[in-house]
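**Q**
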Amino acid sequence: MALQHFQIGASLSRLVLASGALLLMAGCSADRYFMVPKSNMESLSSSVQAQRATLVTMEGNATVRHEQMLHQQESSTQDILEAIRTQVEKPSCPPIPTQRACPASDSAKGRTDRLKGKVIVGEVEKIYMADPDQVYTARIDSGAETSSLDARNITRFERDGSNWVRFDVPVPGTDELVTLEKEISRRVKVIQASADEAERRVVVELQFAIGNHEQVAEFTLTDRANLTHEVLIGRNVLRDVMLIDVGKEFATELPESILKNRDES
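To get our numbering, take the position in the sequence shown, counting from 1, and add 4.
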């Protein structure tokens, strides 16, 4: 029994010693990790205050920049709205040139022989083109489908939604050119014996006179500078209107109202 009490006492002693050791270790840990010296606390507080001041300054700068950006965006928006409100004058095409017509014939109406109501023409005739108001020498060719006019500097453009063409035609006996503007009637493909590929040409309507016969017909525009005659009269004019006398030239004569003050050479 005494031995038993001795063992219990020894155990209690060991328990007390172990508890004391744990408390001692806990105190050391608290001093080491949780207790901050007063001088360090003051330094930490100063650092926090400095960081807080820096954050306040950054926030103020960000607010200023944001307000500046909003002002710039508002100004840009106002400029755009003002531009939209501004009425821009719609561009307009140049006025359509006045279309010239053949002058009224006087008492001397020229010379034109007819057979069964058809005008008899030779292989070469004088032809008056109302626009550009010039007299040309025309070759009569029944082998050509469409008549043709010597034209340079051909430029296509659009006017009021329609296709137009601007071109220059020569003044006979000079180096001068006359500029014309005409609405395009259509386009055609022309195959020439000297060319490998078909040539696309613009077609316009022009008024002309041969003898005392006046007519409006289609003419293709092409550079005929290397050809003898400025104008070629094809089947679109000859058909049902003219007969060719292949043994004659200049079988017709234009009215004096057209030939007046013109060089007939």
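Using N, Cα and C, we set each Cβ at its ideal position, and we do this for glycine too.
1) At which residues does the beta strand (DSSP E) containing V241 begin and terminate?
2) With a 10 Å radius around its C-beta and 16 neighbouring C-beta atoms as the bar for buried, classify A255 as buried or exposed.
3) Would you list the residues sitting across from P174 in a DSSP beta bridge?
4) Taking the alpha-carbon positions, what's the V139 to I262 distance?
5) From the DSSP secondary-structure annotation, give me the bridge partner or partners of V192.
6) Beta strand (DSSP E) containing L258: first to last residue?
7) Should N216 go down as buried or exposed, given a rule of 16 or more other Cβ atoms within 10 Å for buried?
8) What residues in its chain sit with their C-beta under 6 Å from that of F161, if we drop five residues either side in the sequence?
9) Rounded to the nearest angstrom, what separates T183 and G121 at their Cα positions?
10) Ends of the beta strand (DSSP E) at A221?
11) Using the C-alpha atoms, what's the distance from I88 back to V208?
12) Pull up the DSSP beta-bridge partners for K122, would you.
13) For T159, which residues of its own chain have a beta-carbon under 6 Å away from its beta-carbon, when the five flanking residues on both sides are left out?
14) DSSP on T81, reduced to helix/strand/coil?
15) Are the beta-carbon atoms belonging to A1 and F212 less than 8 Å from one another?
16) Is the number of C-beta pairs between the segment 122 to 129 and the segment 239 to 252 that are closer than 8 Å three or more?
17) Using alpha carbons as the reference points, say which of D172, T141, T226, G165 lies closest to T232.
**A** With the structure as the only source:
1) Annotation: V241 is outside any beta strand (DSSP E); the continuous alpha helix (DSSP H) that includes it extends over 239 to 242.
2) With at least 16 other beta carbons inside 10 angstroms of its own, A255 counts as buried.
3) Looking at the DSSP assignment, P174 forms a beta bridge with L181.
4) Across the structure, V139 and I262 are spaced so that their CA atoms are roughly 8 Å apart.
5) R205
6) Taken as a continuous stretch (DSSP letters only), L258 belongs to no beta strand (DSSP E), as it is neither H nor E.
7) buried
8) W168
9) 36 Å
10) 217 to 226
11) 41 Å
12) In the DSSP output, where bridge partners are listed per residue, K122 has L119.
13) So the qualifying residues of the chain are R170.
14) helix
15) Outside the modelled stretch of the chain, which goes from 5 to 269, sits residue 1, for which no answer is possible.
16) yes
17) T141
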